[in-house]
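*Asks:*
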Amino acid sequence: MKTLDLIVFLAYMGGITLFGASFYSKDKSASTFTLGNSNFPTWVVTMSIFATFVSSISFLGLPGNAYLSNWNAFVFSLSIPVASLMAVQFFVPLYRKLNSPSAYVFLETKFGLWARVYVSACYLLTQLMRIGTILYLLALPVNALFGWDILTIIAVTGLVVMGYSLLGGIQAVMWTDAIQGIVLIGGALACLLFIAFSMPEGPGQIVTIALENDKLSLGSFGSSLTDSTFWVVLIYGIFINLQNYGIDQNYVQRYMASRSDAEAKRSALWGGMLYVPVSLLFFMIGTALFAYYTAMPDALPAELRDMSKSDRVFPFFIVDALPSGLTGLLIASIFAAGMSTISTGINSSSTVVLVDYFQRFSKTELTEKKSMRVLYATTFIISIVGIGIAFAMINVKSALDAWWKLASVFSGGMLGLFLLGAFVEKINQKGAILGVVLGVLLILWMSLSPIFWTSGEMQEYASPFHAYLAIVFGTMVLFLTGFLATVVASRKS
Numbered sequence: 015m016k017t018l019d020l021i022v023f024l025a026y027m028g029g030i031t032l033f034g035a036s037f038y039s040k041d042k043s044a045s046t047f048t049l050g051n052s053n054f055p056t057w058v059v060t061m062s063i064f065a066t067f068v069s070s071i072s073f074l075g076l077p078g079n080a081y082l083s084n085w086n087a088f089v090f091s092l093s094i095p096v097a098s099l100m101a102v103q104f105f106v107p108l109y110r111k112l113n114s115p116s117a118y119v120f121l122e123t124k125f126g127l128w129a130r131v132y133v134s135a136c137y138l139l140t141q142l143m144r145i146g147t148i149l150y151l152l153a154l155p156v157n158a159l160f161g162w163d164i165l166t167i168i169a170v171t172g173l174v175v176m177g178y179s180l181l182g183g184i185q186a187v188m189w190t191d192a193i194q195g196i197v198l199i200g201g202a203l204a205c206l207l208f209i210a211f212s213m214p215e216g217p218g219q220i221v222t223i224a225l226e227n228d229k230l231s232l233g234s235f236g237s238s239l240t241d242s243t244f245w246v247v248l249i250y251g252i253f254i255n256l257q258n259y260g261i262d263q264n265y266v267q268r269y270m271a272s273r274s275d276a277e278a279k280r281s282a283l284w285g286g287m288l289y290v291p292v293s294l295l296f297f298m299i300g301t302a303l304f305a306y307y308t309a310m311p312d313a314l315p316a317e318l319r320d321m322s323k324s325d326r327v328f329p330f331f332i333v334d335a336l337p338s339g340l341t342g343l344l345i346a347s348i349f350a351a352g353m354s355t356i357s358t359g360i361n362s363s364s365t366v367v368l369v370d371y372f373q374r375f376s377k378t379e380l381t382e383k384k385s386m387r388v389l390y391a392t393t394f395i396i397s398i399v400g401i402g403i404a405f406a407m408i409n410v411k412s413a414l415d416a417w418w419k420l421a422s423v424f425s426g427g428m429l430g431l432f433l434l435g436a437f438v439e440k441i442n443q444k445g446a447i448l449g450v451v452l453g454v455l456l457i458l459w460m461s462l463s464p465i466f467w468t469s470g471e472m473q474e475y476a477s478p479f480h481a482y483l484a485i486v487f488g489t490m491v492l493f494l495t496g497f498l499a500t501v502v503a504s505r506k507s
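Take the sequence shown: its letter number 237 is residue 251 in this note's numbering, and every next letter is one higher.
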């Protein structure tokens with residue numbers, strides 16, 4: 015154990031926890047807890063949106079993915095400008111006009127209560143899986159550095175984030191997001207520079223080795239829908255990011271926390287755009303790590319040479335190769351990435367439970383005291399369940415691939431329902447329900463079917479299409495079914 019690294023890490027954890035807790039107020043209302051009185055500076059909202067997108071899934075998963083394969087997954091980031099521009103043009107004005115802390119009120123106005131409950135439930139399931147995945151990835155470098163038990167690290171981290179989320183509400187979440195976003199960018203830059211100048215033949219050797227091993231490829235530009243080609247990942251990214259910016263409570267809540275419509279639009283645009291170069295930085299780190307251990311293979315333990323352990327190479331490098339102090343900074347950066355996303359998910363999920371369930375189904379108006387009790391209790395429950403899911407993530411092969419597949423499953427085609435409501439004036443309700451059923455069944459079939467026999471070989475999925483396309487086809491089936499049912503119904507009438 016390196017004493018300096020431990021001091022840096024504990025100082026960061028203690029400092030960010032105390033900073034978040036400093037927003038505690040005995041007079042806090044439900045509105046303050048969920049929207050912070052809509053009085054955040056533009057740069058804070060921008061960094062909070064960015065930090066919400068970046069997590070330990072990005073900080074560890076993307077370098078691990080680049081180390082394992084190439085830059086194919088970076089194509090996902092290239093789809094973000096499309097979603098950012100759509101947010102500015104359509105999503106931000108829509109939600110600012112509705113003026114509700116919940117993203118799902120809109121769906122009830124278009125489809126009825128069932129749609130609001132269905133999509134909000136899908137959102138809560140997605141957040142629980144995301145929180146669990148991030149907590150797991152946060153534990154890896156700390157386990158490697160200090161030798162602490164992974165289960166203990168997960169539990170303590172989850173409880174710490176729960177603590178300041180409970181005390182400070184969204185004010186603590188968004189201000190700590192802003193600080194942690196700056197910390198994680200600085201830590202990633204420092205790491206890449208260290209690797210580059212540690213190469214035996216200088217930084218240029220990274221490019222040479224990367225090109226020799228096809229590590230900079232963005233994937234095949236062919237028309238196959240079975241493999242993760244450039245086009246498959248790009249289309250998947252567009253749909254997932256439209257879902258993030260269009261119907262994800264994490265983002266909608268930040269639109270509503272902005273001071274004005276203009277500031278909300280600026281934050282939505284630049285909060286997304288900032289992720290593109292930062293994700294590129296993560297892929298560069300993964301490629302640089304591959305070059306580093308290709309040039310110096312004896313520096314990597316035999317048990318980590320198995321490519322199925324790619325998620326653990328970056329944590330090992332942080333612990334083994336970085337100088338004392340910088341190691342602590344990198345681990346603090348990883349925690350910055352993860353804690354910001356976890357706290358956002360906890361706060362937004364609590365808001366959904368309060369607004370879309372308790373307030374919606376209560377026969378009388380909830381008092382501020384009762385509303386705060388609901389928010390506190392939900393924050394606690396979500397944190398505990400997220401910790402439990404993290405325990406179950408320990409033996410997955412690739413956390414990034416696991417998260418992407420789970421995101422498609424739990425999305426449940428809810429983007430298609432939102433698009434149907436946004437772009438079709440009068441909707442046939444039975445057609446919309448049928449679309450949801452068909453879309454969900456298609457997503458489950460494409461994502462979870464175990465075995466398929468084709469061309470004499472066993473395949474991973476029963477679907478002949480790549481699993482990333484589950485949300486794409488599910489969304490299209492839902493939208494087209496609802497749209498066609500509406501057209502047919504209107505002609506009959």
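Glycine included, every Cβ here is placed at the ideal spot set by N, Cα and C. Source: prediction; values computed, not measured.
In the DSSP assignment, find the alpha helix (DSSP H) that holds Ala302 and state where it starts and stops.
*Replies:* Start at 1 with the first residue of the sequence shown, and residue 302 comes out as number 288. Tyr289 to Ala309 is the span of the alpha helix (DSSP H), which, as asked, contains Ala302.
*Asks:* Let's test the definition: count the other Cβ atoms within 10 Å of the Cβ of Asn51 and tell me whether it reaches 16, buried, or not, exposed.
*Replies:* What you label residue 51 is simply residue 37 of the sequence shown in a count that begins at 1. That one is exposed.
*Asks:* Use the C-beta contact count for Phe235: other C-beta atoms within 10 angstroms, 16 or more gives buried, fewer gives exposed.
*Replies:* Residue numbering aside, residue 235 sits at position 221 when the sequence shown is read from its first letter. Taking all protein chains shown into account, Phe235 has fewer than 16 neighbouring C-beta atoms within 10 Å of its C-beta and is therefore exposed.
*Asks:* What's the gap between the Cα of Ser274 and the Cα of Ile261?
*Replies:* Against the sequence shown, residue 274 aligns to sequence position 260. Against the sequence shown, residue 261 aligns to sequence position 247. When rounded, the distance between both Cα atoms is 20 Å.
*Asks:* Give the single residue among Ala202, Leu32, Thr301 and Gly435 whose Cα lies nearest to the Cα of Leu336.
*Replies:* Looking up residue 336 in the sequence shown gives position 322. Taking only the C-alpha atoms, the option nearest Leu336 is Ala202.
*Asks:* Where does Phe479 fall in DSSP's three states?
*Replies:* Along the sequence shown, one-based indexing puts residue 479 at 465. Looking at Phe479 - three-state DSSP - the assignment turns out to be coil, as it is neither helix nor strand.
*Asks:* Whose C-alpha, out of Ile21, Val367 and Phe297, is nearest the C-alpha of Val89?
*Replies:* Start at 1 with the first residue of the sequence shown, and residue 89 comes out as number 75. Cα-wise, what sits closest to Val89 is Phe297.
*Asks:* Please name the residue in Gly400, Val501, Lys506 and Ala499 whose C-alpha comes closest to that of Thr140.
*Replies:* Working through the sequence shown from its first residue, we reach residue 140 at position 126. Comparing alpha-carbon positions, the option among Gly400, Val501, Lys506 and Ala499 lying closest to Thr140 turns out to be Gly400.
*Asks:* Identify, in the order they occur along the chain, each residue of the same chain with its Cβ nearer than 8 Å to the Cβ of Val438, setting aside the five sequence neighbours on each side.
*Replies:* On the sequence shown, position 424 is the one that residue 438 refers to. Answer for Val438: Gly496, Phe497 and Thr500, listed in chain order.
*Asks:* Return the first residue and the last residue of the alpha helix (DSSP H) that Ala44 is part of.
*Replies:* The residue you call residue 44 lines up with position 30 of the sequence shown. In the DSSP assignment, Ala44 falls within the alpha helix (DSSP H) that extends over Ala44 to Leu49.
*Asks:* Quick check: the region 75–82 against the region 286–300, are there 3 or more CB pairs under 8 Å?
*Replies:* Flag = yes, the region 75–82 and the region 286–300 touch.
*Asks:* Who are Phe54's beta bridge partners in DSSP?
*Replies:* Residue numbering aside, residue 54 sits at position 40 when the sequence shown is read from its first letter. Note: Phe54 sits in a beta bridge opposite Ser272.
*Asks:* Check whether the Cβ atoms of Ala3 and Thr308 sit closer than 7 Å, and answer yes or no.
*Replies:* Outside the displayed span of the chain (15 to 507) sits residue 3, for which this structure offers no information.
*Asks:* Would you identify the three-state DSSP class for Trp85, choosing helix, strand or coil?
*Replies:* Mapped onto the sequence shown, residue 85 falls at position 71. Trp85 falls in the coil class under three-state DSSP.
*Asks:* Using only the alpha-carbon positions, how far apart do Asn361 and Ser62 sit?
*Replies:* Looking up residue 361 in the sequence shown gives position 347. Looking up residue 62 in the sequence shown gives position 48. Their backbone Cα atoms lie some 13 Å apart in a straight line.
*Asks:* What do you get for Asp163, buried or exposed, if any count of 16 or more other CB atoms within 10 angstroms of its CB means buried?
*Replies:* By 1-based counting over the sequence shown, the position of residue 163 is 149. It counts as exposed.
*Asks:* Could you tell me how far apart the beta carbons of Gly146 and Ala404 are, in whole angstroms, since I believe they sit closer than 8 Å?
*Replies:* The residue you call residue 146 lines up with position 132 of the sequence shown. The residue you call residue 404 lines up with position 390 of the sequence shown. Gly146 to Ala404, Cβ: 4 Å. Contact.
*Asks:* Just verifying my parser: in three-state terms, what is the DSSP assignment at Val68?
*Replies:* Reading the sequence shown from its first residue, position 54 is the one you call residue 68. Coil.
*Asks:* Using the three-state DSSP reduction, which class does Gly226 fall into: helix, strand or coil?
*Replies:* Position 212 of the sequence shown, counting from 1, holds the residue named residue 226. First, the residue type needs correcting, since residue 226 is Glu and not Gly in the sequence shown. Reduced to three states, the DSSP call for Glu226 is helix.
*Asks:* Report the option in Phe253, Gly285 and Phe37 whose CA atom is closest to the CA atom of Thr56.
*Replies:* Taking the first residue of the sequence shown as position 1, residue 56 is located at position 42. When only C-alpha atoms are compared, the closest one is Gly285.
*Asks:* Specify the secondary structure class of Gly470 as computed by DSSP and reduced to three states.
*Replies:* As a position in the sequence shown, residue 470 is number 456, starting the count at 1. Only weak support is given to the placement of Gly470: the predicted model assigns it a pLDDT of 45, under 50, and the value that follows is read from those uncertain coordinates. Residue state, collapsed to three classes: coil.
*Asks:* What is the DSSP secondary structure of Gly233, reduced to helix, strand or coil?
*Replies:* As a position in the sequence shown, residue 233 is number 219, starting the count at 1. Gly233 falls in the coil class under three-state DSSP.
*Asks:* In the DSSP assignment, find the unbroken alpha helix (DSSP H) run with Phe314 in it and report its ends.
*Replies:* Locating residue 314 in the sequence shown gives position 300, counting from the first residue. Inspection of the sequence shows that residue 314 is occupied by Leu rather than by Phe. Unbroken run through Leu314: none, as it is neither H nor E.
*Asks:* Leaving out the 5 sequence neighbours to the left and right, which residues in its chain are closer than 8 Å to Ile196 when beta-carbon positions are compared?
*Replies:* Locating residue 196 in the sequence shown gives position 182, counting from the first residue. Cβ neighbours of Ile196 beyond the five flanking positions: Met61.
*Asks:* Using alpha carbons as the reference points, say which of Tyr482, Tyr390 and Val367 lies closest to Tyr132.
*Replies:* If you number the sequence shown from 1, residue 132 lands on position 118. Ranking the options by Cα distance to Tyr132, first place goes to Val367.
*Asks:* Report buried or exposed for Asn113, applying the criterion of at least 16 other Cβ atoms within 10 angstroms of its Cβ.
*Replies:* The residue given as residue 113 occupies position 99 in the sequence shown. Exposed is the call here.
*Asks:* Starting from Pro95, follow the alpha helix (DSSP H) in both directions and report where the run begins and ends.
*Replies:* Residue numbering aside, residue 95 sits at position 81 when the sequence shown is read from its first letter. Run containing Pro95: Ile94 to Met100, per the alpha helix (DSSP H) assignment.
*Asks:* Which same chain residues, not among the five before or five after Gly427, have their C-beta less than 7 Å away from its C-beta?
*Replies:* Within the sequence shown, the letter at position 413 stands for residue 427. Closer than 7 Å at the Cβ level, and outside the excluded window around Gly427, lie Val450, Gly453, Val454, Ile457, Gly488, Thr489 and Leu492.
*Asks:* Using a Cβ-based criterion (distance less than 6 Å to any ligand heavy atom), does Phe497 qualify as near the ligand MN?
*Replies:* Judged by which ligands are present, the structure shown has none, so any question about the ligand MN falls away.
*Asks:* Pick from Tyr150, Ile447, Phe244 and Gly75: whose alpha carbon is nearest that of Val327?
*Replies:* Sequence index remark: in the sequence shown, residue 327 carries index 313 (1-based). Per the Cα distances, Gly75.
*Asks:* Given Ile396, which residues of its chain have a CB within under 6 Å of its CB, disregarding the five upstream and five downstream residues?
*Replies:* Taking the first residue of the sequence shown as position 1, residue 396 is located at position 382. Excluding sequence neighbours, Ile396 sits near Ile360 and Ser363.
*Asks:* Would you check if the region 107–122 and the region 328–347 touch, i.e. whether three or more CB-CB distances between them fall below 8 Å?
*Replies:* no
*Asks:* In chain order, which beta strand (DSSP E) runs of at least 3 residues are fully inside the region 347–420?
*Replies:* none
*Asks:* Would you report the Cα separation of Phe37 and Val102, rounded to the nearest angstrom?
*Replies:* The count along the sequence shown starts at 1 and reaches residue 37 at position 23. The count along the sequence shown starts at 1 and reaches residue 102 at position 88. The straight-line gap from Cα to Cα measures roughly 30 Å.
*Asks:* Look at the alpha carbon of Leu99 and the alpha carbon of Leu434, and state the distance between them as a whole number of angstroms.
*Replies:* Sequence index remark: in the sequence shown, residue 99 carries index 85 (1-based). Sequence index remark: in the sequence shown, residue 434 carries index 420 (1-based). Rounded to the nearest angstrom, the gap between the Cα atoms of Leu99 and Leu434 is 19 Å.
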